[in-house]
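Below is one structure, written out as C-alpha cells; the observations come after it.
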Amino acid sequence: MQFRHIMENLKSDYKITIVSDANVDKITDIQLLDAKASSFEDGILYIGDLSSLNPKILLPEQLISITPLTKQSLPNGNFAFIQPEDLSSVFNYVHRLFYESLQLSNDFSQLIAMSIRGDNGQTIVNAAAQKLKNPVIVIDTGFKVLLYSDNFEITDHLWKENIARGYCTYEFITAVNEIMANTVSPINSISYVLDCPASPHSKLCSKIFWNNSLIGYTIMLEEKTPLNLMQREMLPNISYVMSDILSKNPDFAGIHGSLKSILLYHLLDDKQFENISIRMKASKIEPPKNMCCLVAACGTLSDEKQWESFALERLCLVFPQAYITHYKGYIVALIALSNTLDLKETEKKKLRELLPKVSKNLYISQNFTNIFSCRNYFEQCLFLHNLSLKLDMSDTILSYDAFAFYDLLSHYPNQKDLSEFVNPALKILKQYDEKNSTFLYETLRKYIECQYNATQTAAALFIHRNSLSYRMEKIEELTRINLTDSNQLFHITSSFYIENYLS
1 MQFRHIMENL KSDYKITIVS DANVDKITDI QLLDAKASSF EDGILYIGDL SSLNPKILLP
61 EQLISITPLT KQSLPNGNFA FIQPEDLSSV FNYVHRLFYE SLQLSNDFSQ LIAMSIRGDN
121 GQTIVNAAAQ KLKNPVIVID TGFKVLLYSD NFEITDHLWK ENIARGYCTY EFITAVNEIM
181 ANTVSPINSI SYVLDCPASP HSKLCSKIFW NNSLIGYTIM LEEKTPLNLM QREMLPNISY
241 VMSDILSKNP DFAGIHGSLK SILLYHLLDD KQFENISIRM KASKIEPPKN MCCLVAACGT
301 LSDEKQWESF ALERLCLVFP QAYITHYKGY IVALIALSNT LDLKETEKKK LRELLPKVSK
361 NLYISQNFTN IFSCRNYFEQ CLFLHNLSLK LDMSDTILSY DAFAFYDLLS HYPNQKDLSE
421 FVNPALKILK QYDEKNSTFL YETLRKYIEC QYNATQTAAA LFIHRNSLSY RMEKIEELTR
481 INLTDSNQLF HITSSFYIEN YLS
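For the sequence shown, full-length UniProt numbering assigns the number 1 to the initial residue and increments by one for each residue that follows.
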C-alpha cells in the first residue's frame with residue numbers, strides 16, 4: 001500500500017492537507033507516534049502528534065500528524081496533517097484499510113493457487129471480477145480481447161461491442177492512443193485510471209508483463225462498485241496472475257515478442273484478418289510488396305525451447321527486418337524480397353552457413369504479394385518439410401518452385417492410381433537395362449535434368465558425345481518416342497517425377 005493511495009481514501013471523508021506524497025515506497029504497517037521513540041522504521045506509517053517527539057531525532061519517512069510541518073523538514077518522505085479531533089478516527093480508518101489489505105493478500109494467494117492448480121483462464125478471471133466486484137477484461141498489446149469475466153453484466157456499449165467482435169476497432173484504438181498521449185502511465189503494473197469521454201465509466205488499468213516485456217493489460221470497468229483503494233491494490237496482483245495464465249497458453253507466441261512477430265503469428269493462426277489489418281494500420285506498419293516464407297523445423301537440439309531461442313536469434317541476424325515467430329514447432333520468417341523476387345546471394349550464403357546447426361533443412365515458399373495469404377505459403381514450406389522426411393534429405397535449402405509438381409501429385413485423390421500415368425517408355429528402358437546391363441533409363445533422366453543439352457548431359461554422365469548419341473538413338477528406337485516433341489517430353493518428364501514421388 002502506498003501513501004498516496006491512503007490519502008485518496010482519506011480526503012473524501014476528512015479535512016487533510018498533503019504536504020508531500022512523492023515517496024512511492026510500500027507501507028507495510030501503521031503505528032501511533034510514541035513520544036519516547038528514539039528512531040523509526042522504514043515502511044511504517046506513523047500517525048499522531050509530531051510536537052510530542054524529541055526534536056533532535058530523525059522524523060519517520062511516512063507521517064500523518066495533527067501538527068503542521070514544512071516539506072523542507074521531510075525532503076524525502078511523505079507527510080500530511082489532519083485536524084486534532086480526527087486523530088482517532090483517521091487511525092481506525094487506516095487500520096481498517098490495512099486489514100482489508102491483508103484480505104487482499106489472501107485473495108491474491110487464492111488466485112495464484114488456482115493458476116498453479118491449472119484452472120482455466122475463464123474461471124480465474126471470473127474469480128478476479130468477484131473479488132473486485134466489477135467486470136474484468138484482459139487484452140493484448142494489439143487490443144485483442146483475450147479474456148473477460150462473464151459473471152457481471154457489462155453495460156459499457158463500447159466494450160460490449162469489442163467483446164462481441166473479439167478485438168477493438170481502429171477508431172477505438174486511435175481514440176485510446178490519443179488519451180494515453182496525455183496520460184502518465186506507470187512503467188510497471190501499478191494500477192492507473194483511464195477516463196474516456198465516450199464512456200460513462202472509469203477504467204482501472206494495469207499492465208501485464210512477461211520477463212519484463214509488456215504483453216497486455218488488465219482492465220476493470222467501474223460499473224458495479226465505485227473505485228476504491230483495495231481495487232487499486234488488487235489489480236496489479238491480478239495482472240501478475242494473468243501473466244502466469246497467458247504464458248501457459250499454447251498460443252503464447254501470439255501475444256509475446258515484437259509487434260512483427262505477433263502479427264506474423266496471427267497471420268498464420270487467425271482468420272480475423274480485419275483485426276490484423278487494424279493492428280497494422282494503428283501501428284503504421286507497411287507490409288512488403290513482395291515476400292516469401294522461410295521455415296526451419298525443430299530437431300537439431302533436444303530441448304525445443306533452447307532450439308527455439310537459438311534459431312530465432314540466428315535467423316534474426318540474417319534477416320533483421322523480417323517478421324519472425326515461433327509457430328507450432330517451427331520457426332517461420334516472412335521475408336521482404338527485392339525487385340528480383342528472390343533472396344539476395346549474400347542471404348543465401350548466410351542461410352547455407354546455418355545448416356545443419358539451426359535446422360536439418362530450410363524451406364522457402366514461392367514469392368507472393370498479399371500478406372494475408374501468408375498461411376498458404378507457410379503450408380508450401382510444410383509440404384517441403386514432409387517431402388524431405390520421405391526422401392531422407394538433409395543439409396539442404398528446399399525451394400517450393402523446384403518441388404511444386406510433387407505437391408500437385410500429393411493432392412491427387414487416389415495415390416495408387418498415379419502409376420497409371422507413367423509413360424510405358426520408362427518400363428521398357430528399365431527392362432532393357434536389366435537384361436543388357438546398360439544405362440538407358442539413367443541417360444534419359446539425366447538428359448531431361450540437363451534441359452535437353454547433349455554436351456551437359458555427356459559431361460554429367462562422364463561419357464563421350466558419340467556414346468551419348470548412340471544411347472539416345474537406342475532410346476528412340478526402343479520406345480518410339482520423339483525427343484523433339486514437347487508434349488512427349490512433358491509426359492516423359494512428368495513420369496520421372498511420378499516414379500520418384502511414388503518411390
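All C-beta atoms in this analysis are idealised placements derived from N, C-alpha and C, irrespective of residue type, glycine included.
C-beta contact flag for His266 and Ile276 at 8 angstroms = yes
query = Are Leu268 and Ala296 touching if we call contact CB-CB under 8 angstroms?
reply = no
key: Reference Ile124, options Val24, Lys224, Ala282, Asn237, closest by Cα   = Asn237
task = Could you tell me which residues DSSP pairs with Asp29 in its beta bridges?
result = Ile44
ask   = How would you call residue 504, buried or exposed, if buried means at least 16 neighbouring beta carbons within 10 angstroms?
value = Absent from the model: residue 504. The displayed extent of the chain is 1 to 503, so no value can be given.
request  = Take the Cβ of Leu45 as the centre, count every other Cβ of all protein chains shown within 10 Å, and call the residue buried at 16 or more, exposed below.
outcome  = buried
message = Assuming contact is defined by CB atoms lying nearer than 8 angstroms, are Val193 and Ile112 in contact in what I supplied?
response = no
key: Between the CA atoms of Glu442 and Ala425 - distance to the nearest angstrom   = 13 angstroms
task = Please check the pair Lys446 and Leu461, which I expect to be a contact at CB under 8 angstroms, by giving their CB distance rounded to whole angstroms.
result = 6 angstroms
query = Do Phe3 and Ile27 have their C-beta atoms closer together than 8 angstroms?
reply = yes
task = Return the bridge partner residues of Lys203 from the DSSP annotation.
result = Leu194, Leu221
C-alpha distance - Gly142 paired with Ser486, whole-angstrom precision = 54 angstroms
request  = Count the other C-beta atoms from every protein chain shown that fall within 10 angstroms of the C-beta of Glu222, then say buried if there are 16 or more, exposed otherwise.
outcome  = buried
query = Is the number of C-beta pairs between the stretch 487-499 and the stretch 411-431 that are closer than 8 angstroms three or more?
reply = yes
ask   = How about Ile448 and Phe496: do their beta carbons lie closer than 8 angstroms?
value = yes
message = Count Cβ pairs between the stretch 203-215 and the stretch 166-182 that sit closer than 8 angstroms; are there 3 or more?
response = no
N- and C-terminal bounds of the alpha helix (DSSP H) containing Val138 = Counting along the chain, Val138 falls outside any alpha helix (DSSP H), though it belongs to the beta strand (DSSP E) covering 136-140.
Other residues of its chain near Ser206: CB distance less than 6 angstroms, five sequence neighbours each side excluded = Ser189, Ser191, Thr218, Leu235, Pro236, Ser239
message = Quick check: the Cα distance between Val19 and Gly43, rounded to an integer number of angstroms?
response = 18 angstroms
message = For Lys350, tell me which candidate among Val318, Ser373, Gly329, Asn361 has the shortest Cα-Cα distance.
response = Val318
query = What's the C-alpha gap between Ser185 and Phe91?
reply = 31 angstroms
ask   = Smallest Cα separation from Ser115: which of Leu246, Leu50, Asn339?
value = Leu246
task = Tell me whether Ala22 sits in a helix, a strand or coil according to DSSP, three-state version.
result = coil
message = Quick check: the stretch 74-88 against the stretch 99-113, are at least 3 beta-carbon pairs closer than 8 angstroms?
response = no
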